[in-house]
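Note that this note's numbering gives residue 94 to position 64 of the sequence shown, counting from 1, and the numbers run on in steps of one.
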Amino acid sequence: MTKRWAKLRKTLSMSNRFSLQKVPPENCTYFQKVREPTPAYAWVKCEREEDKDCFEILNVAKILGRAGSIFHDDSRYVRLSLIRSDDDFDVLISRLKSLISGEDGAKIMRF
Numbered sequence: 031m032t033k034r035w036a037k038l039r040k041t042l043s044m045s046n047r048f049s050l051q052k053v054p055p056e057n058c059t060y061f062q063k064v065r066e067p068t069p070a071y072a073w074v075k076c077e078r079e080e081d082k083d084c085f086e087i088l089n090v091a092k093i094l095g096r097a098g099s100i101f102h103d104d105s106r107y108v109r110l111s112l113i114r115s116d117d118d119f120d121v122l123i124s125r126l127k128s129l130i131s132g133e134d135g136a137k138i139m140r141f
């Protein structure tokens with residue numbers, strides 16, 4: 031899960047349109063060190079004023095998620111599942127990269 035979160039963070043860091051939830055590092059009593067959390071789900075927010083329905087924007091790009099409104103949150107949020115197969119996760123990252131590369135002012139992606 032750590033590798034998936036690293037890929038997702040790197041991909042979304044190139045975007046001016048989408049942001050990823052901020053989850054602060056916590057102390058891991060098992061490893062006896064501070065670690066970045068790696069939850070099974072990631073919350074993505076559409077940052078543009080005109081993007082009122084983030085679920086629909088991602089859906090058009092064939093990115094499957096759950097609308098924030100299902101969880102009694104704002105429609106600017108979408109929950110993405112990171113616990114799918116490796117192939118499904120790779121498709122998710124590929125589609126996010128394609129969506130982000132079409133943004134005005136997107137940073138150049140080098141992977």
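Where is the CB? At the ideal position from N, CA and C, for every residue including glycine. Computed from a predicted structure; not experimentally measured.
Spatially closest choice to residue i from the options, by CA coordinates
i, options, result
"Lys127", "Met31, Leu88, Trp73, Lys63", "Leu88"
"Thr68", "Ser115, Gly132, Met31", "Met31"
Span separating the alpha-carbon of residue i from that of residue j
i, j, result
"Gly95", "Gln51", "15 Å"
"Ile113", "Ser43", "21 Å"
"Lys57", "Ser124", "With the sequence shown as reference, residue 57 is identified as Asn, and Lys is not the correct amino acid for it. Spanning the two alpha carbons is a distance of roughly 32 Å."
"Pro54", "Arg39", "14 Å"
"Asp103", "Thr59", "32 Å"
Same chain, Cβ closer than 6 Å to residue i, neighbours up to 5 away in sequence not counted
i, result
"Ser49", "Lys75, Glu77"
"Ala91", "Arg125, Leu129"
Neighbourhood of residue i by C-beta, 8 Å cutoff - its chain only, sequence neighbours within 5 removed
i, result
"Ile130", "Thr41, Leu42, Met44, Ser45, Arg47, Phe48, Ala136, Met139"
Close-in-space but distant-in-sequence residues of the same chain around residue i (CB under 7 Å, 5 per side omitted)
i, result
"Ala97", "Phe85, Ser105, Val108"
"Trp73", "Gln51, Tyr107, Arg109"
For residue i, the three-state DSSP class (helix, strand or coil)
i, result
"Leu38", "helix"
"Asn46", "coil"
"Leu122", "helix"
Pair within 8 Å by beta-carbon distance, residue i and residue j
i, j, result
"Ile142", "Leu122", "With the chain running from 31 to 141 in the structure shown, residue 142 is simply not present."
"Phe119", "Arg65", "no"
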